[in-house]
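Reading through the structure tokens given below for one structure.
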Amino acid sequence: MKNFLLVAILGFAAWSYYTNNLDAGTGVIIHPHATEKDAMEGAVGTYQQDFRCDGRLHCSQMTSRAEAEFFTKNCPNTKMDGDRDGIPCENDHRF
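Below, the structure is given as structure tokens:
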């Protein structure tokens with residue numbers, strides 16, 4: 007019984023940590039008094055600093071819509087905007 011209780015407590019602690027820190031890796035910090043425009047400008051500046059052209063070309067190699075947009079705008083020979091409307095990975099439903 008003690009082992010079960012210990013496993014249950016550890017499981018709950020891990021789940022709680024995971025749900026509280028789910029967005030910690032985005033790198034975008036939104037201040038409570040910032041406007042939506044300020045938040046978007048901060049997000050654009052952040053992802054441009056985090057991504058680098060490293061030879062990836064296809065949507066299946068991207069991890070986010072922001073990354074795909076960065077690659078389409080800043081890296082040569084990408085193959086993510088088939089209809090050339092400026093919106094990459096339109097049919098990729100992961101993001």
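So that you can map any letter, position 33 of the sequence shown is 39 in this note's numbering, and since no number is skipped, the others follow by simple counting.
Even glycine gets a Cβ: it sits at the ideal position worked out from N, Cα and C.
Predicted model, so just to flag it, every value in this text is computed and none were measured.
If you follow the alpha helix (DSSP H) that residue i is part of, which residue opens it and which one closes it?
| i | result |
| --- | --- |
| Gly88 | First-last for Gly88: undefined, no H or E at that position. |
| Ser22 | Lys8 to Asn26 |
If you run the structure through DSSP and keep just helix, strand and coil, what is residue i?
| i | result |
| --- | --- |
| Tyr53 | No answer about Tyr53 holds up, because its pLDDT of 45 lies below 50 and its placement is not dependable. |
| Glu75 | helix |
| Asn80 | helix |
| Ser70 | coil |
| Cys59 | coil |
Around the Cβ of residue i, are there at least 16 other Cβ atoms within 10 angstroms (buried) or fewer (exposed)?
| i | result |
| --- | --- |
| Thr69 | exposed |
| Thr25 | exposed |
| Gln54 | Reliability of the predicted coordinates at Gln54 is poor, the pLDDT of 49 falling under 50, and the value obtained from them is presented with this limitation in mind. Exposed. |
| Met7 | exposed |
| Phe77 | buried |
Give every residue of the same chain whose Cβ lies closer than 8 Å to the Cβ of residue i, excluding the five residues on either side of it in the sequence, and list them in chain order.
| i | result |
| --- | --- |
| Asn83 | Leu63 |
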